[in-house]
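Participant: In this text, residue positions in the sequence shown follow the numbering used here: the first is 509, and each later residue adds one. Glycine is no exception: its CB is placed at the ideal position from the N, C-alpha and C atoms. One structure, pasted below without further comment.
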Amino acid sequence: MAALSGKLTKKLVENLGPGRHGDGAGLYLVVDPSGARRWIVRVTVKGQKNRKGAPLRTDFGLGGADIVTLNQARERALEYRRMAKTGLNPRFNAQREIPTFEEISRQVHIDRLPTWKNPKHGQQWLNTLRDYAFPKIGRMPIDSIGQPEVLMCLAPIWTEKHETAKRLAQRIKTVLDVAKSKGFRSGENPVLAIRDAKVLPKVKAKVQHHDAMPWRDLPAFYADLATRSAMAARALRFTILTASRTSEVLEMKWPEVDLDARLWMVPAARMKGGKEHRVPLTDEMLAILEPLQAMASEYVFEGQKRHQPLSNMSMLMLLRRMQQDSYTVHGFRSTFRDWAAEEANAPRELAEAALAHQVGSDVERAYARSDLLERRRGLMEKWSRYARSMNDRGL
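Shown next as structure tokens:
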């Protein structure tokens, strides 16, 4: 049987930009802005009308272009057109091969690319299935997966990697739901059946309360940190002194810094609360920043690549090398907050303002228009002196 022909070629299918590209006879390649590619065919079912009484013209998905080749798409489109010409609706009469669990999973990943927070989040979604589901059920037809198959994936990691197992269960459920919506499955989702029947044991979350370093231990730690010249050490010192979030420091750029006014202006777009935050700069903070100007980098704390920031794991890895991996970088905000309350006797609103927390009701915030900058400047000076107190004593 000779291969069907059309306007598209294999090379065009791989390289065409966003839009709907016709192959002819109702077959289209749809390329999303994300780069995801899928086939659709438009047919008019003979003798059938839509709700408005017009001929029933319908688009049918034929699968992702990474799974369905150009020739396969043309063959499926021809099958759909033949059915429509005889008055059969392809939605109910098409003879389709049942795809595997992995095929549907990868298609779901492609279809949802525009909805992920970022590419990394989308890749994590697929990687969980790749690591824990594909080796066991990836090649199985999607309609043959029931509770035993799902349990094969979940049971081995349910207690040891419980958070991962919960995410895996949710992602398997999503894939099976999508398969059902495409007509490849029927009946109850086995993930829900396993949950409702409480087949897997209840796992108590391990609560950890030690992510924040006790404030009395900070000066000794900071003295050790100050002996290190790596960029990660400088960034961590600055993060501790400013009581800032990791992302706020790592994405810090020089135009945000006014050395004369001794201010760092964090843009609203980078703040969790969506409001610009002014950070007063102390002598100790300036001692960290000023030598970095000579690098002439776009970012204050430059990473291994030119004009790129440090990795968001760099400071955490430094803590591990210093054998302080029971603490987190974010936990130093709590260290500051505890010190402010217990040692500095700072008013609550002052300490919370230093952390860029919104305090009180909407009405209270409307009246409290000041960000207490000058009072915060005094508090942060005390915090800087406390942090380096062991350095100053020469210990």
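Taking DSSP's pairing of strands, which residues face Thr608 in a bridge?
Facilitator: Partner(s): Pro649.
Participant: Excluding sequence positions up to five away, which residues of its chain have a Cβ less than 8 Å from the Cβ of Leu634?
Facilitator: Correct list, in chain order: Ser613, Arg614 and His617.
Participant: Please work out which residues of its chain come closer than 6 Å, Cβ to Cβ, to Ala585, disregarding the five sequence neighbours upstream and downstream, and give them in chain order.
Facilitator: Taken in chain order, the residues that qualify are Leu535 and Val549.
Participant: Rounded to whole angstroms, what is the Cα-Cα separation between Ser513 and Asn579?
Facilitator: Cα to Cα, Ser513 sits roughly 8 Å from Asn579.
Participant: For a quick check, are the C-beta atoms of Phe844 and Ala751 less than 8 Å apart?
Facilitator: It is a contact, given that the beta carbons lie within the stated cut-off.
Participant: Around the C-beta of Leu520, are 16 or more other C-beta atoms found within 10 angstroms, so that it is buried, or is it exposed?
Facilitator: Leu520 should be labelled exposed.
Participant: What does a CB cutoff of less than 6 Å around Ile748 pick up in its chain, not counting 5 residues either side in sequence?
Facilitator: So the qualifying residues of the chain are Phe840.
Participant: Could you check if Met721 is buried or exposed, using at least 16 other CB atoms within 10 Å of its CB as the buried criterion?
Facilitator: Buried, by the Cβ-count rule.
Participant: Taking the alpha carbon of Gly782 as the point to measure from, which residue in Asp619, Tyr807 and Glu756 has its own alpha carbon closest?
Facilitator: The candidate whose alpha carbon is nearest that of Gly782 is Glu756.
Participant: Can you round the beta-carbon distance between Asp651 and Phe692 to whole angstroms, since I take them to be within the 8 Å contact cut?
Facilitator: The Cβ separation is near 6 Å, so the contact holds.
Participant: Which residues does DSSP list as the beta-bridge partners of Asp766?
Facilitator: According to DSSP, Asp766 bridges with Leu771.
Participant: Look at the alpha carbon of Val683 and the alpha carbon of Met888, and state the distance between them as a whole number of angstroms.
Facilitator: If you take the alpha carbons of Val683 and Met888, they lie about 50 Å apart.
Participant: Note down the Cα distance separating Ala518 from Gly527, rounded to an integer number of angstroms.
Facilitator: Sequence check: residue 518 is Lys here, not Ala. Between Lys518 and Gly527, the C-alpha separation is close to 17 Å.
Participant: Applying the 10 Å Cβ sphere with the 16-neighbour rule, what's the burial state of Val711?
Facilitator: Per the 10 Å Cβ criterion, exposed.
Participant: Taking the beta carbon of Ser694 as the centre, do at least 16 other beta carbons fall within 10 Å, making it buried, or is it exposed?
Facilitator: Its Cβ having fewer than 16 others within 10 Å, Ser694 is exposed.
Participant: What is the DSSP secondary structure of Glu522, counted as helix, strand or coil?
Facilitator: If DSSP states are grouped into helix, strand and coil, Glu522 belongs with the helices.
Participant: Give every residue of the same chain whose Cβ lies closer than 6 Å to the Cβ of Arg770, excluding the five residues on either side of it in the sequence, and list them in chain order.
Facilitator: Only Leu789 meet the Cβ criterion.
Participant: Could you name the residues that DSSP lists as bridge partners for Lys557?
Facilitator: Note: Lys557 sits in a beta bridge opposite Pro563.
Participant: Where does Gly595 land, buried or exposed, given buried means 16+ other C-beta within 10 angstroms?
Facilitator: Exposed, by the Cβ-count rule.
Participant: Specify the secondary structure class of His718 as computed by DSSP and reduced to three states.
Facilitator: Any answer about His718 is weak, because its pLDDT of 45 lies below 50 and its placement is not dependable; what the coordinates show is given next. His718: coil per DSSP, three-state reduction.
Participant: Ignore the nearest five residues each way along the sequence and tell me which others in Leu662's own chain have a CB closer than 7 Å to its CB.
Facilitator: Taken in chain order, the residues that qualify are Ala673, Leu676, Ala677 and Leu708.
Participant: Check for me: the beta strand (DSSP E) holding His529 runs from which residue to which?
Facilitator: Start and end: Gly527 to Gly532.
Participant: In whole angstroms, what is the alpha-carbon distance linking Arg647 and Glu610?
Facilitator: Going from the Cα of Arg647 to the Cα of Glu610 covers about 6 Å.
Participant: If you draw a straight line from the alpha carbon of Asn899 to that of Leu726, how long is it in whole angstroms?
Facilitator: Asn899 and Leu726: Cα-Cα distance of roughly 12 Å.
Participant: Nearest by alpha-carbon distance to Tyr807: which of Asp685, Lys780, Trp847 and Glu764 is it?
Facilitator: The shortest Cα separation from Tyr807 among Asp685, Lys780, Trp847 and Glu764 belongs to Glu764.
Participant: Under 8 Å, Cβ to Cβ, is there at least one residue of chain B near Gln631?
Facilitator: The chain inventory of the structure shown lacks chain B, comprising one protein chain alone.
Participant: What span of residues does the alpha helix (DSSP H) with His670 cover, start to end?
Facilitator: His670 to Ser689 is the extent of the alpha helix (DSSP H) around His670.
Participant: Determine the extent of the alpha helix (DSSP H) in which Pro656 is found, giving its start and end residues.
Facilitator: Unbroken alpha helix (DSSP H) run through Pro656: Gln655 to Leu662.
Participant: For a test of the three-state rule: what should DSSP assign to Gly886, helix, strand or coil?
Facilitator: Of the three classes helix, strand and coil, the one that applies to Gly886 here is helix, per DSSP.
Participant: In the DSSP assignment, the alpha helix (DSSP H) including Leu794 goes from what residue to what residue?
Facilitator: Counting along the chain, the alpha helix (DSSP H) containing Leu794 begins and ends at Asp791 to Leu797.
Participant: Since Ala743 and Leu818 are thought to touch, with beta carbons under 8 Å apart, how far apart are those beta carbons, to the nearest angstrom?
Facilitator: Sure, about 6 Å apart at Cβ, within 8 Å.
Participant: Considering only C-alpha positions, which residue in the set Lys813, Pro698 and Leu767 is nearest to Asp791?
Facilitator: The shortest C-alpha separation from Asp791 is found at Leu767.
Participant: What's the call for His785, buried or exposed, on a 16-neighbour Cβ count within 10 Å?
Facilitator: With 16 or more Cβ atoms within 10 Å of its Cβ, His785 is classed as buried.
Participant: Between which residues of its own chain and Ile796 is the CB-CB distance below 7 Å, once the five residues before and five after are set aside?
Facilitator: Once the five neighbours on either side are set aside, the close Cβ partners of Ile796 are Arg742, Arg745 and Phe746.
Participant: Measure the Cβ-Cβ separation of Ala641 and Ile680 and say whether it is below 8 Å.
Facilitator: Yes.
Participant: Considering only the alpha carbon of each residue, which of Arg582, Pro563 and Leu700 lies closest to Asp531?
Facilitator: Answer by Cα proximity: Arg582.
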